[in-house]
Amino acid sequence: MPEESTKNDFIREIVSADYAAGKYGGRIVTRFPPEPNGYLHIGHAKAICLDYGVAREFGGTCHLRMDDTNPTKENMEYVESIIHDVEWLGFKVAPEDLYYASDYFEQMYDCAIRLIEKKLAYVCKLSPEEWESVRGNSTTPGSEPPGRAQSVEENLDLFRRMRAGEFEDGAMVLRARIDMTSPNIHMRDPALYRIRRIHHFRQGDKWCIYPMYDFAHCLEDACEGITHSICTLEFEIHRPLYDWVLDNLGFDPRPHQYEFSRLNISYTVMSKRKLLQLVKENHVRNWDDPRMPTIAGFRRRGYTPEAIRRFCDILGVTKCNSLTDLALLEHCIREDLNVSAPRYLAVLDPLKVTLRNYPEGQIELLEGINNPENPAAGTRQIPFGRTLYIEKSDFMLQPPKGYFRLAPGAEVRLRYGYFIRCEEVVTDAEGNVTEIIASYDPSTRGGSAPDGRKVKGTIHWVEATRAISAEARLYERLFAVETPGASDADFLTELNPDSMRVIEIKGEPALGELPAGTRVQFERQGYFCVDPDSTREHRVFNRTVTLKDSWAKQQGK
RNA sequence: AGUCCUGUGGUGUAACGGUAGCACAAGUGAUUCUGGUUCACUUUGUUGAGGUUCAAAUCCUUACAGGACUGCCA
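Mapping to this note's numbering: the first sequence position 338 is 338, numbers consecutive.
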């Protein structure tokens, strides 16, 4: 029985109708077929959630298939990262559901032979340039390629010799014999096999001919008994060829291809080619650099699989070209982290505060709530003393109207601590503020005043001698901007050289003591993730900064 | 230029001939020991023009706009 789904997109409608009609005997099989030539990115997550989601909802299965038909760019590292990322997203990859397109090379070869025997394929000796003139273009139909005149025996012999390695790379290809006048260029005798003497990471040197996508993919689907082959819009124009191959080889019942629009997110580079370029040219450390929009990068950035799945769910599935607002992704991450991330006090850019009426050398412990959204998260003890650090941005010498943190003569609350009042400001020769001398109100311990007086501002702080200093690597939001219409050449110039900077954190507890992968929210500093790989922490995002920006903007007006 | 696909608030989507709804974003106010969270409210939409119909976002025609395609990549 299909499980209840709240989603109702056109893909699910098709699957539902086929399921109800018993089209495949009530069996639903989908597949997610990445080429292992790079790491998975957030765009793949949408496809993964769709492919696995549909299968699960209809009691079917989803195959993870490595589409390894072009060995020039593929390797095992990518295979491993893909499996890891799919599982991390929350979709179990059972050994029996893991497939490799290259395992079907023998069957694909047999299918090619059958097409030749049916006079539906022939060996073409034309060079790419010669083929271009025969093929015609969108306005002029193609002409009869010379290879079409060859006999079945001749083609069989040539194709067998292609496999046997008798010809140079690129000397000839196997082509389907379809329609040289078709308005769909993909139907003008498309190439089925090419000669490539390249070591395949799984098949070794067993093959020197490799099948093309259009020939291979539909056969992979058919071999695995896929019922619904869901892919992105750019393959729409390939569908007639998908159908042609399977129908002419007599697969019945056979899989059908359905297309949905791929994910685009504002300010986000979503092209494997460009991401590879960022890695190759050392603009980022690797595919899993937290600045990358890859699944692995998001993991190190502190995004959770739940949040990413939620994002994919609310995206919807359509055939419209769309550009999703990055704010929607961030909303999903925030929504999840808000209820799950423990809070800690931390100061990124410290300013010394001395409480002149607090006993020298005294340290007391104050109680802080770990997560206001979740009482089960409990409380913790925070050391407090005479010398503290606060955030530089939480003090202003000449506060504008509407600023309710610390300023000369003003009173603020130290979160979970005391009310303090700024009484004196120490500056250096250049006039920079180097220290605040303040007094604290002993009756406000814990943060509330017995006389009921209110303070508008609550700031975070750390005790100077007990605070742990930790090096933190902060990544600013996104490093590259891709707007619709931006050319390939533009996009690298958008890289921000300041996007990575190292600063000092005075905070508690020791970040190194937090388990790797922990997400914490530093009070008013945004969410951070303790990097599972380096135990450094990454800022996930910081809504406070956004608010500060808009506040600053208001002041500027 | 040709062929195919797609047009619903700023963005992403729902409504399958019968009340244009939801989420994000934006704005206003309230709450708050995070300028966070939460809550309430508000703004903004069927690409244009014709038809069919008692009734059209939905069906038809057409114009316009956007996208995909012209690898021996996937």
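For glycine and all other residues, C-beta sits at the position ideal for the given N, C-alpha and C.
- Query: Should the segment 374-389 be regarded as contacting the segment 322-333, the criterion being three or more beta carbon pairs within less than 8 Å?
  - Reply: no
- Over what stretch of residues does the beta strand (DSSP E) that includes ILE437 continue unbroken? 433-440
- Quick one: measure Cβ to Cβ for LEU275 and HIS41, integer angstroms, because I've assumed they're closer than 8 Å. 7 Å
- Query: Rounded to a whole number of angstroms, what is the C-alpha to C-alpha distance between ILE48 and PHE32?
  - Reply: 6 Å
- Message: Taking DSSP's pairing of strands, which residues face PHE105 in a bridge?
- Response: None; PHE105 has no bridge partner.
- Message: Is the beta carbon of ILE363 closer than 9 Å to that of PHE384?
- Response: yes
- Curious, which full-length beta strand (DSSP E) runs of at least 3 residues does the segment 336-405 contain? 350-355, 364-369, 379-384 and 387-391
- Would a C-beta distance cut-off of 9 Å place GLU367 and ASP336 closer than the cut-off? no
- Message: What does the alpha-carbon distance come out to for the pair TYR39 and VAL279?
- Response: 11 Å
- Query: Around the C-beta of CYS320, are 16 or more other C-beta atoms found within 10 angstroms, so that it is buried, or is it exposed?
  - Reply: exposed
- Item | GLY431 to GLU424 span [Cα, whole Å] | 14 Å
- Message: My output table needs one value for GLU166: the three-state DSSP class, helix, strand or coil.
- Response: coil
- Message: At 4 residues or longer, what runs of the alpha helix (DSSP H) sit wholly inside the segment 58-109?
- Response: 76-88
- Where ARG114 and GLY297 are concerned, what is the direct C-alpha to C-alpha distance, given to the nearest angstrom? 45 Å
- Query: From LEU323 to ALA449, what does the alpha carbon distance come to, in whole angstroms?
  - Reply: 50 Å
- Task: Could you please give the first and the last residue of the uninterrupted alpha helix (DSSP H) stretch that includes HIS217?
- Result: 213-223
- Task: Please name the residue in ARG386, THR387 and LEU414 whose C-alpha comes closest to that of LEU345.
- Result: LEU414
- Ignore the nearest five residues each way along the sequence and tell me which others in CYS312's own chain have a CB closer than 6 Å to its CB. ALA45, LYS46 and CYS49
- Query: Hey, out of ILE116, HIS256, VAL15 and MET180, whose CA is closest to ALA222's CA?
  - Reply: HIS256
- Return the bridge partner residues of VAL152 from the DSSP annotation. DSSP lists no partner for VAL152.
- Beta-carbon gap between PRO145 and MET180 smaller than 9 Å: yes
- Item | Alpha-carbon spacing of THR444 relative to GLY417, whole angstroms | 8 Å
- Item | THR181 (DSSP reduced to helix, strand or coil) | coil
- Thinking just about the alpha-carbon of each residue, which of SER261, VAL269, CYS218 and SER229 is nearest to the one in PHE251? CYS218
- Task: Take every Cβ of the segment 223-232, pair it with every Cβ of the segment 191-211, and state whether three or more of those distances are shorter than 8 Å.
- Result: no
- Can you give the Cα-Cα distance for GLU132 and HIS63, rounded to whole angstroms? 37 Å
- Cβ pair PRO190, PHE215 closer than 9 Å: yes
- Item | N- and C-terminal bounds of the alpha helix (DSSP H) containing ALA176 | Note, ALA176: premise wrong, no alpha helix (DSSP H); beta strand (DSSP E) at 173-176.
- Message: Please report the distance separating the alpha-carbon of GLY302 from that of ASN286.
- Response: 17 Å
- Cα-Cα separation, VAL15 to GLU117: 35 Å
- Message: Using 8 Å as the cut-off, can you tell me whether the segment 128-142 makes contact with the segment 78-94, which would need three or more C-beta pairs spanning the two stretches below that distance?
- Response: no
- Residues that LEU414 bridges to, as DSSP identifies them: ILE459
- Message: Between which residues of its own chain and ALA112 is the CB-CB distance below 8 Å, once the five residues before and five after are set aside?
- Response: ALA121, PHE159, LEU174, LEU192, TYR193, PRO211 and PHE215
- Could you check which residue in ASP103, PHE91, GLY170 and ARG135 has the C-alpha nearest to that of LYS125? GLY170
- Message: Given this structure, state the Cα-to-Cα distance separating ILE265 from VAL317, to the nearest angstrom.
- Response: 15 Å
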